[in-house]
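If you're matching them up, the sequences are chains G and E in order.
Using the numbering used here, you'd call the opening residue of the first sequence number 390 and step up by one each time.
Using the numbering used here, you'd call the opening residue of the second sequence number 390 and step up by one each time.
For reference, the structure is listed below as structure tokens.
Protein chains: 2
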Amino acid sequence: MDKIYRVNMSSLQCSVEPVPTPWAGLGGRALTSAIVAKEVPPTCHALGENNKLVFAPGMLSGTTAVNSGRLSAGAKSPLTGTIKESNAGGTAAQVLARLGVKALIIEGIPKGDGWYGLHVNSDGVTIVEETELIGKGNFAVIEALEKRLGKTGVLTIGPAGEMKMLAANISVRDIDGKLRSHGRGGLGAVMGSKRIKFIALDGEGTTAVSLADSAKFTQAARTFAQAIMNHPGTGQGLPTYGTAEMVNIVNAAGGLPTRNFLHGQYHDNEKISGETLRETIIERGGNPSHGCQSGCVIKCSQVFVDKKGKYVTSGLEYETIEILGANAMIGDLDVIAEADHLMDDIGIDSIETSVAIGVAMDGGVLPFGDGQGVLRLLREDLRAGTPLGRTIGSGAGNVGKLYGVTRVPVVKNQAIPAYDPRAIKGIGITYATSTMGADHTAGYAVATNLMGVGGGVVDPLKKDGQVELSRHLQIATVMLDSLGLCLFIGFPSADDPTCVPAIVDMLNARFGLELTPEWFGGLGITTLKTERAFNQAAGFTSEHDRLPEFFREPLAPSGAVWDFTGDEIDQFWNF
Amino acid sequence: MDKIYRVNMSSLQCSVEPVPTPWAGLGGRALTSAIVAKEVPPTCHALGENNKLVFAPGMLSGTTAVNSGRLSAGAKSPLTGTIKESNAGGTAAQVLARLGVKALIIEGIPKGDGWYGLHVNSDGVTIVEETELIGKGNFAVIEALEKRLGKTGVLTIGPAGEMKMLAANISVRDIDGKLRSHGRGGLGAVMGSKRIKFIALDGEGTTAVSLADSAKFTQAARTFAQAIMNHPGTGQGLPTYGTAEMVNIVNAAGGLPTRNFLHGQYHDNEKISGETLRETIIERGGNPSHGCQSGCVIKCSQVFVDKKGKYVTSGLEYETIEILGANAMIGDLDVIAEADHLMDDIGIDSIETSVAIGVAMDGGVLPFGDGQGVLRLLREDLRAGTPLGRTIGSGAGNVGKLYGVTRVPVVKNQAIPAYDPRAIKGIGITYATSTMGADHTAGYAVATNLMGVGGGVVDPLKKDGQVELSRHLQIATVMLDSLGLCLFIGFPSADDPTCVPAIVDMLNARFGLELTPEWFGGLGITTLKTERAFNQAAGFTSEHDRLPEFFREPLAPSGAVWDFTGDEIDQFWNF
Numbered sequence: 390m391d392k393i394y395r396v397n398m399s400s401l402q403c404s405v406e407p408v409p410t411p412w413a414g415l416g417g418r419a420l421t422s423a424i425v426a427k428e429v430p431p432t433c434h435a436l437g438e439n440n441k442l443v444f445a446p447g448m449l450s451g452t453t454a455v456n457s458g459r460l461s462a463g464a465k466s467p468l469t470g471t472i473k474e475s476n477a478g479g480t481a482a483q484v485l486a487r488l489g490v491k492a493l494i495i496e497g498i499p500k501g502d503g504w505y506g507l508h509v510n511s512d513g514v515t516i517v518e519e520t521e522l523i524g525k526g527n528f529a530v531i532e533a534l535e536k537r538l539g540k541t542g543v544l545t546i547g548p549a550g551e552m553k554m555l556a557a558n559i560s561v562r563d564i565d566g567k568l569r570s571h572g573r574g575g576l577g578a579v580m581g582s583k584r585i586k587f588i589a590l591d592g593e594g595t596t597a598v599s600l601a602d603s604a605k606f607t608q609a610a611r612t613f614a615q616a617i618m619n620h621p622g623t624g625q626g627l628p629t630y631g632t633a634e635m636v637n638i639v640n641a642a643g644g645l646p647t648r649n650f651l652h653g654q655y656h657d658n659e660k661i662s663g664e665t666l667r668e669t670i671i672e673r674g675g676n677p678s679h680g681c682q683s684g685c686v687i688k689c690s691q692v693f694v695d696k697k698g699k700y701v702t703s704g705l706e707y708e709t710i711e712i713l714g715a716n717a718m719i720g721d722l723d724v725i726a727e728a729d730h731l732m733d734d735i736g737i738d739s740i741e742t743s744v745a746i747g748v749a750m751d752g753g754v755l756p757f758g759d760g761q762g763v764l765r766l767l768r769e770d771l772r773a774g775t776p777l778g779r780t781i782g783s784g785a786g787n788v789g790k791l792y793g794v795t796r797v798p799v800v801k802n803q804a805i806p807a808y809d810p811r812a813i814k815g816i817g818i819t820y821a822t823s824t825m826g827a828d829h830t831a832g833y834a835v836a837t838n839l840m841g842v843g844g845g846v847v848d849p850l851k852k853d854g855q856v857e858l859s860r861h862l863q864i865a866t867v868m869l870d871s872l873g874l875c876l877f878i879g880f881p882s883a884d885d886p887t888c889v890p891a892i893v894d895m896l897n898a899r900f901g902l903e904l905t906p907e908w909f910g911g912l913g914i915t916t917l918k919t920e921r922a923f924n925q926a927a928g929f930t931s932e933h934d935r936l937p938e939f940f941r942e943p944l945a946p947s948g949a950v951w952d953f954t955g956d957e958i959d960q961f962w963n964f
Numbered sequence: 390m391d392k393i394y395r396v397n398m399s400s401l402q403c404s405v406e407p408v409p410t411p412w413a414g415l416g417g418r419a420l421t422s423a424i425v426a427k428e429v430p431p432t433c434h435a436l437g438e439n440n441k442l443v444f445a446p447g448m449l450s451g452t453t454a455v456n457s458g459r460l461s462a463g464a465k466s467p468l469t470g471t472i473k474e475s476n477a478g479g480t481a482a483q484v485l486a487r488l489g490v491k492a493l494i495i496e497g498i499p500k501g502d503g504w505y506g507l508h509v510n511s512d513g514v515t516i517v518e519e520t521e522l523i524g525k526g527n528f529a530v531i532e533a534l535e536k537r538l539g540k541t542g543v544l545t546i547g548p549a550g551e552m553k554m555l556a557a558n559i560s561v562r563d564i565d566g567k568l569r570s571h572g573r574g575g576l577g578a579v580m581g582s583k584r585i586k587f588i589a590l591d592g593e594g595t596t597a598v599s600l601a602d603s604a605k606f607t608q609a610a611r612t613f614a615q616a617i618m619n620h621p622g623t624g625q626g627l628p629t630y631g632t633a634e635m636v637n638i639v640n641a642a643g644g645l646p647t648r649n650f651l652h653g654q655y656h657d658n659e660k661i662s663g664e665t666l667r668e669t670i671i672e673r674g675g676n677p678s679h680g681c682q683s684g685c686v687i688k689c690s691q692v693f694v695d696k697k698g699k700y701v702t703s704g705l706e707y708e709t710i711e712i713l714g715a716n717a718m719i720g721d722l723d724v725i726a727e728a729d730h731l732m733d734d735i736g737i738d739s740i741e742t743s744v745a746i747g748v749a750m751d752g753g754v755l756p757f758g759d760g761q762g763v764l765r766l767l768r769e770d771l772r773a774g775t776p777l778g779r780t781i782g783s784g785a786g787n788v789g790k791l792y793g794v795t796r797v798p799v800v801k802n803q804a805i806p807a808y809d810p811r812a813i814k815g816i817g818i819t820y821a822t823s824t825m826g827a828d829h830t831a832g833y834a835v836a837t838n839l840m841g842v843g844g845g846v847v848d849p850l851k852k853d854g855q856v857e858l859s860r861h862l863q864i865a866t867v868m869l870d871s872l873g874l875c876l877f878i879g880f881p882s883a884d885d886p887t888c889v890p891a892i893v894d895m896l897n898a899r900f901g902l903e904l905t906p907e908w909f910g911g912l913g914i915t916t917l918k919t920e921r922a923f924n925q926a927a928g929f930t931s932e933h934d935r936l937p938e939f940f941r942e943p944l945a946p947s948g949a950v951w952d953f954t955g956d957e958i959d960q961f962w963n964f
């Protein structure tokens with residue numbers, strides 16, 4: 390029987406609750422947003438006792454469906470002040486799903502200065518005081534817990550989360566004992582505010598989740614996997630080059646943020662391209678194509694090794710590569726990979742932090758291109774929480790405020806990732822309107838603007854069709870985020886007519902339902918409106934659905950400007 | 390003939406313009422807010438080229454009316470994101486008024502890295518490159534300009550303004566060659582963003598402003614001065630103890646913020662009281678009663694000297710004394726006076742900075758009560774702009790964000806001054822609803838809540854009548870801020886029936902008008918609504934008219950909580 394685990398850190402008590410009817414059919418983002426919207430006062434302090442941290446596996450997590458193991462984390466974000474859902478791969482979603490835990494809700498704040506670990510198993514949750522691992526980086530936590538507890542699922546925060554840095558993330562143990570991250574929005578600070586260093590998830594004794602119609606599920610799951618493998622994006626591009634394939638695509642489109650969003654092309658793009666990344670990894674004996682969760686058939690991740698073949702990092706994404714590589718002008722994959730490793734270990738969002746570094750460079754804190762300076766900043770300042778480290782760790786918006794920088798690429802105080810919205814206007818609409826602050830994953834219009842996904846190309850430099858595109862994608866993305874599916878399922882979903890019906894069939898076969906594809910549209914719309922209502926009650930208006938003023942300046946070399954009016958952007962919400 | 394001086398820092402050109410009809414009858418805050426609302430895009434970056442910095446003398450400035458020499462500065466605030474008016478005493482308003490300058494509007498931003506000084510005289514404005522004074526503190530600037538130019542009026546920014554710190558202020562030379570400040574809202578950062586180090590105001594060749602009816606003016610001015618001197622507040626309390634008279638009054642009421650707003654009474658209140666301040670100054674041969682502008686009859690300022698009789702600071706206000714003394718628990722007037730001097734010299738708002746220090750203490754940056762640590766922080770970090778200095782200099786809200794503190798006393802990101810709104814609820818309504826962010830001077834309900842000003846006392850601990858009180862005071866305060874009158878004129882205005890008619894008579898006699906007292910009410914209402922409309926267009930909603938969540942916790946020893954609902958607060962705007 391599905392249940393909800395609730396942990397009250399004020400009273401240090403745990404309970405197991407039945408799933409209320411309105412939440413019974415939900416999972417992932419649809420569920421975390423429903424819970425946060427119902428139980429968290431929108432105007433509360435995000436690091437105070439009234440915020441709650443909610444984890445929910447996707448509706449298909451725990452099944453044999455490929456790429457279905459993403460875990461959603463939700464709360465009020467201390468970075469943006471909005472509602473937040475951030476999802477990650479790794480192993481935790483599948484364990485929670487097999488335990489029958491629809492959601493783990495953590496509320497309250499303990500009185501004293503102690504730290505705690507949560508132990509989740511089929512009996513419920515146990516809160517245990519923790520001392521040994523406090524102050525430790527994420528890799529050390531995962532390693533120590535493996536020794537202590539065996540290969541359980543782990544959610545953990547690093548020093549950044551302990552220090553409640555606004556860009557702190559929550560990391561998830563992956564299948565290799567490394568990690569993946571709930572990166573955006575500072576959810577690691579929320580976990581730190583509740584004084585929880587880690588959550589160990591013990592799936593001992595559980596089996597695969599039950600299926601209402603096993604034969605139907607197997608058939609649909611096969612069709613689904615085939616659709617992913619047949620698509621050129623998920624079957625060829627991503628497995629070959631990882632997300633770093635975007636470096637040359639976005640550079641060619643003139644939308645590659647360079648020198649803190651001053652230019653749209655980077656002269657050293659080849660040094661950081663997906664092609665170079667792949668060659669480097671192969672040459673050194675790393676792994677160029679690697680999955681973040683069991684059952685992944687895309688394998689857009691990789692294992693990056695140094696010149697001696699020693700492990701440096703995995704899950705080195707386009708966004709991190711681009712923002713450090715071109716935007717901070719450090720055209721050096723070794724430095725970028727090392728920085729990625731450090732950010733993972735410290736437990737800080739690599740997108741927010743990298744954009745913050747670009748703003749800091751613009752503010753004169755260190756020179757553009759100073760890769761060793763960035764590594765020193767991460768090692769010495771971020772990890773220790775020096776005033777400079779806390780400044781960077783509080784995100785790009787705050788760095789801009791502290792250093793009087795006017796070119797600050799944020800929406801709702803969350804950093805704009807590695808696509809300049811002047812040259813790829815569809816993603817600009819997503820940045821502006823997303824309920825989460827600037828977030829490319831909320832509605833990845835780049836695929837349609839630049840890669841022809843979804844059939845008819847929407848011209849990246851023109852306004853026509855962008856609002857409708859972003860709206861369609863944001864609604865559809867809620868489906869993926871709620872099912873526990875990886876974002877890239879959006880590619881075959883858009884292009885292969887067998888894909889969405891197979892997803893619907895899997896869900897129906899899992900739960901014995903008779904849902905239609907239209908049901909997902911409704912779920913997307915409901916969830917977006919729920920999230921927006923939370924934000925409005927927290928004080929957000931349409932004036933916050935705007936890009937920063939500097940995007941009105943022309944972007945070299947195309948000369949493109951961000952030319953949407955407020956009224957045009959606000960059409961997004963006409964549904 | 391009255392005129393407007395306009396300076397464009399992008400083109401480095403200056404012009405003299407006639408006063409448009411809608412602005413002809415305005416001055417001070419009514420005029421700066423009208424200009425900012427008309428000319429500044431509400432969503433612009435406050436440190437970008439689209440913001441404008443506007444100075445306007447009060448409508449009575451330049452006359453012989455006592456206490457009429459306050460200058461208003463207006464802009465979009467980089468600290469709050471709202472419209473901002475901040476006024477100061479000193480000598481500048483009177484020079485500008487005698488020059489016939491209704492407003493000085495500074496717009497644009499220069500291309501390069503150069504710094505400039507503006508020279509204002511009867512011919513207009515000249516922009517001159519400046520190198521010698523860059524990096525210098527405010528006292529050195531004023532001294533150097535006296536040598537260079539003689540005793541002109543001076544507006545200047547210190548290192549904080551040059552570094553565009555969000556709490557940077559603009560200082561005004563006072564009659565003793567010391568300074569007063571446009572303290573709140575970071576207008577010094579706006580001046581710094583325009584790369585203007587100082588503005589020298591040369592009144593050479595000007596005489597007193599013309600009067601339409603000299604005899605009537607003289608008679609009214611006499612009545613006005615008499616009303617001020619007859620009132621126990623402005624005639625006795627303030628001249629004797631300065632604003633520090635409030636220490637014991639507010640402590641007795643249990644609303645004296647202590648240990649970052651944790652308690653409402655301070656055990657060492659006598660160490661920092663107005664009585665102790667006065668005794669200390671007299672004992673050491675300082676001046677316990679001193680005016681900030683020529684023609685001041687209240688003289689609530691003082692000259693604080695050290696044990697050897699050497700000048701330390703003047704204009705040492707209750708708010709600074711209280712926030713450093715009780716809220717940061719540094720019960721030592723010598724340390725507080727030295728800190729005040731340093732903040733004046735660095736050019737940073739002593740309220741915002743002192744509250745930020747309290748939050749930093751709560752965040753573990755330095756211990757409560759560490760006076761020497763505070764002085765070191767100001768001398769070494771603030772002045773040099775180290776990362777820690779920039780953190781403190783960016784205000785209490787940002788310190789809270791960087792150090793994960795939940796007890797952060799700000800409204801619209803501006804620090805709440807030295808009155809706890811739980812125990813003095815009227816001032817809480819002003820904090821919540823002021824168009825400027827938390828600001829006690831926007832509607833000083835403390836006087837009615839605790840001192841009986843305005844007749845019938847409104848119980849500080851009850852909700853009854855507080856919304857109406859704050860509304861009445863905020864409307865009336867616009868009058869004072871627009872006339873160039875000191876805030877304390879509010880005391881005789883409320884209690885002496887001869888005072889407001891005398892003000893109206895002075896204004897009518899100055900300009901040949903036939904205004905009524907009701908006209909001022911209309912001006913107050915129009916100005917508040919103009920300011921609010923700007924804020925709404927910048928994205929502010931009623932959800933921003935709220936006090937921080939922690940004020941729902943009981944305040945020791947009274948146990949008072951902030952218990953206004955949102956709907957009750959929103960009644961403020963029903964006019």
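In this text, a Cβ means the ideal position worked out from N, Cα and C, and glycines have one as well.
Since the structure is predicted, the reported quantities are computational estimates derived from the model, not experimental observations.
Between serine 570 (chain E) and leucine 436 (chain E), the CB-CB gap reaches or exceeds 8 Å. Among the residues of the stretch 933-945 of chain E, those with a Cβ less than 8 Å away from any Cβ of chain G are His933, Arg935, Pro937, Glu938 and Phe939, in the order of the chain.
Residue state for asparagine 787 (chain E) is assigned as helix, using DSSP reduced to three classes. Listed in chain order, the non-local C-beta contacts of histidine 679 (chain G) below 7 Å within the same chain comprise Lys688, Ser690, Gln691, Val692 and Ser703, local neighbours out to five positions each way being set aside.
Taking 8 Å as the upper bound for CB-CB distance, asparagine 456 (chain E) and isoleucine 878 (chain E) are in contact here, some 6 Å apart. Under the 8 Å criterion on CB atoms, lysine 500 (chain E) is classed as non-interfacial with respect to chain G. By the neighbour-count definition (other C-beta atoms within 10 Å, threshold 16), aspartate 848 (chain G) is an exposed residue. Listed along the chain, the chain G residues whose CB falls inside 9 Å of the CB of alanine 926 (chain E) are Glu932. According to the DSSP assignment, phenylalanine 613 (chain E) belongs to the alpha helix (DSSP H) that extends over 603-619.
Sequence-distant Cβ neighbours of glycine 451 (chain E) in its own chain, meaning closer than 6 Å and more than five residues away, are Gln483, Ala486, Arg487 and Val598. Residues of chain G with a Cβ closer than 7 Å to the Cβ of serine 783 (chain E) are, in chain order, Lys790 and Leu791. The alpha-carbon of valine 579 (chain G) is positioned some 30 Å away from that of alanine 834 (chain G).
Residue contact check for threonine 780 (chain E) against chain G: a CB pair falls below 8 Å. Between serine 871 (chain G) and glycine 489 (chain G), the CB-CB gap reaches or exceeds 8 Å. For the C-beta of threonine 775 (chain G), the chain E residues within less than 9 Å are, from N- to C-terminus, Pro776 and Leu777. The continuous stretches of beta strand (DSSP E) do not include tyrosine 630 (chain G), which lies in the alpha helix (DSSP H) extending over residues 627-630. Taking a C-beta cut-off of 7 Å against chain G, none of the residues of the stretch 452-479 of chain E qualify. Glutamine 682 (chain E) is positioned such that its CB atom lies closer than 8 Å to that of glycine 479 (chain E). Note that the C-beta distance between leucine 896 (chain G) and methionine 448 (chain G) is below 8 Å. Partner residues in the beta bridge of leucine 460 (chain E), as assigned by DSSP, are E:Pro446 and E:Ala477.
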